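Residue numbers (my numbering), protein chains in the order written: chain B, 171 to 249; chain P, 2 to 138. Here the structure comes first, spelled out in structure tokens, and everything after it is commentary.
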Amino acid sequence: MTREEVFETLTEIFQDVFDDDEIELTDATTADDIEDWDSLEQINLVVACEKKFNVKFDMKEIQALKNVGEMVDTILAKL
Amino acid sequence: MNTYKFEELSVGMSESFNVTITEEMLLKFRDITGDVNPLHNDTEFAVSKGHPGRVAFGMLTASFLSTLAGVYIPGERSLIQQVETKFANPVYIGDELTIKGEITELIDSVQRLELKVTITNQNGKKVLRGKMQILVV
């Protein structure tokens with residue numbers, strides 16, 4: 171899977187979790203950019219990513235993620 | 002109260018308990034919530050709508066899901082995150098309900114479990130079914 175493909179799939183996950191087809195992600199997107207991105211949805215995002223990409227995160231990785239770009243790179247490293 | 006830790010839980014584990022719906026419960030729920038809808042408060046009205054008596058508040062029935070998670074599974078370490086419910090059939094005063102939860106998924110990374118929940122009445126009829134996502138903290 172290329173970085174672009176991971177990015178595209180992650181965008182679909184975000185749109186699904188936040189029930190908003192208008193969401194467009196960049197590497198710099200953070201929780202400050204998406205109104206409903208709170209601690210509950212962070213957990214839902216992690217769970218959705220684990221299922222979609224068939225990967226496992228650990229708590230430290232999750233807490234260290236600063237933006238979408240880091241999320242993409244973390245997923246890519248696990249594929 | 003149960004005190005399950007995340008690592009003590011497994012898919013397929015279940016817990017259940019029983020509750021009988023009383024008139025006092027309906028009165029207390031009405032006082033707390035302010036829901037004075039006659040379907041729950043006026044027997045004549047409820048009968049005119051085809052029910053044998055006042056219908057218990059759906060959210061009163063659902064409120065026992067709080068007990069299911071907070072006392073039974075996982076118990077003390079429970080933090081409810083999400084609840085989805087369907088009110089499959091009406092509940093009446095005197096109904097004896099069995100509230101049951103079964104673990105269908107455990108997510109290690111976020112220490113979260115998914116519980117399939119069902120509430121059945123004394124006739125074995127499902128009155129509520131749904132899902133809960135619960136953190137084990």
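All C-beta atoms, glycine included, are put in the ideal place defined by N, C-alpha and C. Since we're looking at a predicted model, the values are computed, not measured.
Alpha-carbon spacing of residue i relative to residue j, whole angstroms
i	j	result
P/Thr4	B/Ile232	26 Å
P/Lys127	P/Gly76	24 Å
B/Gly239	B/Ile213	17 Å
P/Lys29	B/Val187	36 Å
P/Arg130	P/Lys87	5 Å
B/Glu211	P/Val92	33 Å
P/Ile74	B/Cys219	26 Å
B/Ile183	P/Gly54	46 Å
P/Thr99	P/Glu16	10 Å
P/Ile81	P/Leu136	6 Å
B/Asp208	B/Thr200	11 Å
P/Phe18	P/Asn38	29 Å
P/Gly51	B/Asp206	42 Å
P/Val20	B/Ile193	45 Å
B/Met171	P/Asn90	47 Å
B/Met229	B/Asp190	27 Å
B/Asp203	B/Asp197	12 Å
B/Thr179	B/Met241	12 Å
P/Glu8	P/Gln134	16 Å
P/Ser49	P/Thr119	29 Å
P/Gly125	P/Met2	26 Å
P/Val12	P/Glu45	46 Å
B/Leu246	B/Lys236	16 Å
P/Thr105	P/Thr121	19 Å
Integer Cβ distance of residue i from residue j, believed to fall under 8 Å
i	j	result
P/Ser64	P/Gly71	No, P/Ser64 and P/Gly71 are not in contact; Cβ-Cβ is about 11 Å, not under 8 Å.
P/Val111	B/Val176	Between B/Val176 and P/Val111 the Cβ distance is about 20 Å, and since that is not below 8 Å, they are no contact.
P/Lys132	P/Leu116	7 Å
P/Leu40	P/Leu61	Incorrect: roughly 13 Å between the Cβ atoms, too far for contact.
P/Thr172	P/Ile94	Given a span of 2 to 138 for chain P in the structure shown, any question on residue 172 of chain P remains unanswerable.
Residues that DSSP places opposite residue i in a beta bridge
i	result
P/Met133	P/Val84 and P/Leu116
P/Phe18	P/Ile100
P/Leu107	P/Leu114
P/Val56	P/Tyr93
P/Thr121	P/Thr99 and P/Lys127
For residue i, three-class secondary structure by DSSP
i	result
B/Thr199	coil
B/Leu235	coil
P/Ser1	Residue 1 of chain P lies beyond the stretch modelled for chain P, which goes from 2 to 138, so this question has no answer here.
P/Thr1	The structure shown does not extend to residue 1 of chain P, since chain P is modelled only from 2 through 138, so no value can be given for it.
Check: residue i C-beta below 7 Å from any heavy atom of the ligand SAH
i	result
P/Asp32	Within the structure as shown, the ligand SAH is missing, as the structure has no ligands at all.
For this session: Closer than 7 Å, Cβ to Cβ, to anything on chain A: give me those residues from the region 78–92 of chain P, in chain order.
Result: This model lacks chain A altogether, as its protein chains are B and P.
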